[in-house]
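One point on numbering: in our numbering, the residue at position 195 of the sequence shown is 188, and numbering is uninterrupted.
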Amino acid sequence: MAEKTKGEQLREELLMKRRNLTEVLSEDELAKAQQFCEGYKTFLDNAKIEREAVTYSLGLLKAANYTEFDPKGSYKPGDKVYVNNRGKAIIACTIGRKPVSEGVRIGVSHIDSPRLDLKPCPLFEEGEQAFFRTHYYGGIKKYQWTTIPLALHGVVARRDGSTLTVSIGEDESDPVFCVNDLLPHLAQDQMKKPMSQGIEGEKLCLLIGSAMLRDDKGEERVKIAIAKLLFEKYNIREEDFLSAELCAVPAFKARDLGLDRSMIGAYGHDDRVCAYPILMAEIDEKSPEYTTVTIFADKEEIGSDGPTGMNSFFLKDFIEDLAQQQGCEVRHVLAKSHCFSADVNAAYDPMYAEVSERRNCSYINYGVVVTKYTGHGGKSSTNDATAEMMAFTRRIMDEGGVHWQTGELGRVDQGGGGTVAKYVSQHNVDTVDLGVPVLSMHAPFEVVAKTDVYMTYLAMRAFYR
């Protein structure tokens, strides 16, 4: 073998090495990634809205011997507890060997995704067709939500306090719904509009019926037929929509993507592709050095406000309870804590290479992506992780044998976005974003690589360990 040149030696010693994981991982590691993602696909199919994500996660937590947290209780290392916040957010925690006065390890992801929410008065008839009016939730390209099969998920809270859980469109025997669009033959004017205006928000109406009530001579015979069906089958009156949270989401299931099955195509990768790995890392870590605090939050896609969003105090309140149980101050605990804000980043797409800066973007199959900052323009509205936090993260990843990369959310001045990281760091917690690169983010059908999902799990295991 020829002796290496000085330049080759320097490249090995001084320059970063990032390689595609499908090339460098062993067959055994690739098989583990495939197996891990089978559980993730099941999670996706059972957690299309945040309420379902909480319900499914609670089942996993209780099966792993987590008990409901008692603020007045006393816990020892290895004890596992949870807090259910209104059925839409959750905290899971494993008590560490070190006292919480030395800080805790926080992992947080959001479990809401872009979708179409029903308006408070959704039901109407037009042209002898019945529809539900919607108000889109989060950042979407409206045209992507037309002419695809949609399912209806959520909850109806009746005036008497009873509730009805709704899931229509997922079973093969269920009907589905859709938003109509113009045929190309009649869309000349529509197609001259900018893409953002081609489909108006008020026209994102779900088609739900067309059969008239036969024994009726009044107006809106299709609407009254649907109202009759809703009452007879679900005991829902029109006024019950005033106290309902019903969401239209894609009706298809998570599927392997590609002839090589190396990817997953599904609705809701942002951000449940990070939620599942941090949940499993939380469950699998039996005796952490530092207390682990794993949060699933709601409302990230619309600003993280409200009692179940990360801009509330439910995380700080929980850590304050932990601090009081161990006789210390919450502010001292938070100041010594670290957080991995588990959220996705935009993967490089060669079909749209112009929006990325290739040396500073993330790639599928290159491992979990660490994002120092998000925001837009001059880093507006973001957590910008300190150099020390980045060094801490490097050490955790490298010592844990985790394959990782860094990435920005697009070219400077191209756009940008945000995560919940800034809402954790406002409590004086060192925080950095870490998660999975995603193709077609915020579309009804997003794409991730299985190796990156698995590396996110390994990253959180290393962090919690």
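Quick reminder that beta carbons are idealized off the backbone N, C-alpha and C, glycines included.
Note that the coordinates shown come from a computational prediction; the quantities given were computed from them, not determined experimentally.
Cβ-based burial, residue i [other Cβ within 10 Å; buried from 16]
{"i": "F62", "result": "buried"}
{"i": "V361", "result": "buried"}
{"i": "V93", "result": "buried"}
{"i": "A339", "result": "buried"}
{"i": "Q398", "result": "buried"}
{"i": "L179", "result": "exposed"}
{"i": "T(-2)", "result": "exposed"}
{"i": "E439", "result": "buried"}
{"i": "F456", "result": "buried"}
{"i": "V405", "result": "exposed"}
{"i": "L176", "result": "exposed"}
{"i": "E43", "result": "buried"}
{"i": "Y227", "result": "exposed"}
{"i": "S106", "result": "buried"}
{"i": "D423", "result": "buried"}
Top-ranked residue by Cα proximity to residue i, from the options
{"i": "Y68", "options": "Q318, L402, T424, G400", "result": "Q318"}
{"i": "V159", "options": "E45, E31, R11", "result": "E45"}
{"i": "L206", "options": "L145, K216, A290, G251", "result": "K216"}
{"i": "G100", "options": "V323, V425, G211, G320", "result": "V425"}
{"i": "E165", "options": "Q181, D314, L3, A144", "result": "A144"}
{"i": "E119", "options": "A24, L239, L199", "result": "L199"}
Residues bridged to residue i (per DSSP)
{"i": "D423", "result": "H331"}
{"i": "Q398", "result": "V362"}
{"i": "Q122", "result": "E119"}
{"i": "C86", "result": "V74, V286"}
{"i": "C171", "result": "L200"}
{"i": "D291", "result": "G302"}
{"i": "I99", "result": "V286, C332"}
{"i": "D110", "result": "H128, C240"}
Short Cβ contact (8 Å threshold) for residue i with residue j
{"i": "A316", "j": "M303", "result": "no"}
{"i": "G89", "j": "T285", "result": "yes"}
{"i": "E231", "j": "L157", "result": "no"}
{"i": "G403", "j": "E294", "result": "no"}
{"i": "S305", "j": "V413", "result": "no"}
{"i": "T301", "j": "A150", "result": "no"}
{"i": "Y341", "j": "K41", "result": "no"}
{"i": "F234", "j": "P113", "result": "yes"}
{"i": "T287", "j": "T15", "result": "no"}
{"i": "H331", "j": "G0", "result": "no"}
{"i": "K365", "j": "A384", "result": "no"}
{"i": "K73", "j": "A56", "result": "no"}
{"i": "V172", "j": "T139", "result": "yes"}
{"i": "H262", "j": "V363", "result": "no"}
{"i": "I219", "j": "G191", "result": "no"}
Supposed contact pair residue j and residue i - C-beta distance, whole angstroms, cut 8 Å
{"i": "R454", "j": "E278", "result": "7 Å"}
{"i": "F36", "j": "R351", "result": "The Cβ separation is near 32 Å, so there is no contact."}
{"i": "A244", "j": "P142", "result": "4 Å"}
{"i": "H369", "j": "G408", "result": "6 Å"}
{"i": "T375", "j": "K329", "result": "23 Å between Cβ atoms; not a contact."}
{"i": "T127", "j": "D153", "result": "Not quite, the Cβ-Cβ distance comes to about 27 Å (not below 8 Å), so this is no contact."}
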